[in-house]
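Every letter in the sequence shown is one number past the one before it in the working numbering, and letter 107, counting from 1, is 128.
Structure first, then comments.
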Amino acid sequence: MYINLGLIGSPLNHTFSPFIHNYFLYKSSLCGGYTCYDISIEELEETIMMFQKFHFKGVNVTVPYKQEVMQFCSELDITAKSIGAVNTLHFTDNGIIGHNTDIFGFYMMLETSGINTLNKKVLLLGAGGASRAVIPYLLMNKPEYFLIANRTLEKAEDLSLLYEDDIDICRPDDLQGLEFDIVINTTSMGVNGEPYTDYGFKIKEAAVDMIYRPQMTSFLSLYSKDNIKLVNGLAMLIYQAAGSFNIWTGCDIIPDMEYFYKAVYK
Numbered sequence: 022m023y024i025n026l027g028l029i030g031s032p033l034n035h036t037f038s039p040f041i042h043n044y045f046l047y048k049s050s051l052c053g054g055y056t057c058y059d060i061s062i063e064e065l066e067e068t069i070m071m072f073q074k075f076h077f078k079g080v081n082v083t084v085p086y087k088q089e090v091m092q093f094c095s096e097l098d099i100t101a102k103s104i105g106a107v108n109t110l111h112f113t114d115n116g117i118i119g120h121n122t123d124i125f126g127f128y129m130m131l132e133t134s135g136i137n138t139l140n141k142k143v144l145l146l147g148a149g150g151a152s153r154a155v156i157p158y159l160l161m162n163k164p165e166y167f168l169i170a171n172r173t174l175e176k177a178e179d180l181s182l183l184y185e186d187d188i189d190i191c192r193p194d195d196l197q198g199l200e201f202d203i204v205i206n207t208t209s210m211g212v213n214g215e216p217y218t219d220y221g222f223k224i225k226e227a228a229v230d231m232i233y234r235p236q237m238t239s240f241l242s243l244y245s246k247d248n249i250k251l252v253n254g255l256a257m258l259i260y261q262a263a264g265s266f267n268i269w270t271g272c273d274i275i276p277d278m279e280y281f282y283k284a285v286y287k
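The structure is reproduced here in structure tokens:
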């Protein structure tokens, strides 16, 4: 039986997801394929109906549709409900089930990098869609202090109000001279190689960037001479993909990270 899988979002020019999932299919001895669908918001409903018509097993969802697809789901898993976003659609006989494996991917990225936010001072840069997968995990791990910095303060405030925990907010320009144990960049700044703005804060333990290309992102390069851990987003991408693949196929994948790092950064 051929397993149809895919990805919807826009833009998708530089996505690595087809390589990851087609590799997973090969390693699991499954016959199938993973295809990208770069679509507009007007095409979203029609595309999802097409997936159902042609018996797709599942698709991943990336920006800007992680919230828009929720209206087409007959059921949401507990993670998707708590985050308010879906990155994995599973097509079943009982309807479309929406999942979110981003938290799992983020958890595994920190775990495999030896980063623990317990009792640490943590700064989160950005209040967009990517931050939604980060905040619940960070709050579960009880940082000593948690600050969200975003250029649009109202957006950061709206995000912080979704949680009962104490979350401070500020604009990036207010970070000058502050010191944090761990800083996580969830913004898209630097994704096209442009310089990342240095806001003048200091990092004691780890800088984490959700962006994974180039390997040394603009954000991470600011701290490359400091004696701290530098972690890009490739591990998160691969582990969230493994979580989605397990939902669709039941196969537990242990990603060969060395293989993927060589493939992406060769």
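Glycine is no exception: its CB is placed at the ideal position from the N, C-alpha and C atoms.
Here the structure is a predicted model, which is why all the values come from computation and not from measurement.
Limits of the beta strand (DSSP E) - the one that residue i falls within
{"i": "Val229", "result": "Lys223 to Asp230"}
{"i": "Asp202", "result": "Glu200 to Asn206"}
{"i": "Thr113", "result": "Thr109 to Thr113"}
{"i": "Ile274", "result": "Unbroken run through Ile274: none, as it is neither H nor E."}
Range of the contiguous alpha helix (DSSP H) that encloses residue i
{"i": "Phe266", "result": "Leu255 to Thr270"}
{"i": "Tyr86", "result": "From DSSP, Tyr86 is part of no alpha helix (DSSP H); its letter is neither H nor E."}
{"i": "Leu46", "result": "Ser38 to Lys48"}
{"i": "Leu241", "result": "Ser239 to Ser242"}
{"i": "Glu279", "result": "Met278 to Tyr286"}
Paired residues, beta bridge with residue i - DSSP
{"i": "Glu64", "result": "Looking at the DSSP assignment, Glu64 forms no beta bridge with any residue, so it has no partner."}
{"i": "Lys250", "result": "Ala227"}
{"i": "Ala170", "result": "Leu146 and Cys191"}
{"i": "Ile29", "result": "Tyr58 and Val82"}
{"i": "Leu97", "result": "Gly119"}
{"i": "Ile24", "result": "Gly53"}
Rounded separation between residue i and residue j - CA only
{"i": "Asn108", "j": "Lys87", "result": "6 Å"}
{"i": "Pro193", "j": "Phe240", "result": "14 Å"}
{"i": "Phe37", "j": "Gln261", "result": "13 Å"}
{"i": "Met210", "j": "Val84", "result": "15 Å"}
{"i": "Lys250", "j": "His76", "result": "44 Å"}
{"i": "Leu243", "j": "Thr218", "result": "9 Å"}
{"i": "Leu159", "j": "Met22", "result": "40 Å"}
Handout entry: Entirely enclosed beta strand (DSSP E) segments - the stretch 127-162, minimum 3 residues
Key = Here the runs fully enclosed are 142-146.
Problem - the stretch 162-174 touching the stretch 224-244, judged by at least three CB pairs closer than 8 Å - result: Contact check between the stretch 162-174 and the stretch 224-244: fewer than three CB pairs, one atom from each, fall below 8 Å, which does not count as touching.
Exercise for the section: Assess, as a yes-or-no matter, whether the stretch 98-108 is touched by the stretch 139-154 under the definition of 3 or more beta carbon pairs within less than 8 Å. Expected result: At 8 Å Cβ cutoff, the stretches touch.
Problem - Three-pair Cβ contact test at 8 Å for the stretch 116-123 versus the stretch 94-101 - result: The stretch 116-123 vs the stretch 94-101: in contact.
Handout entry: Sufficient close CB pairs (3 or more, under 8 Å) joining the stretch 253-273 to the stretch 130-140
Key = Of all C-beta pairs linking the stretch 253-273 to the stretch 130-140, three or more are shorter than 8 Å, placing the two stretches in contact.
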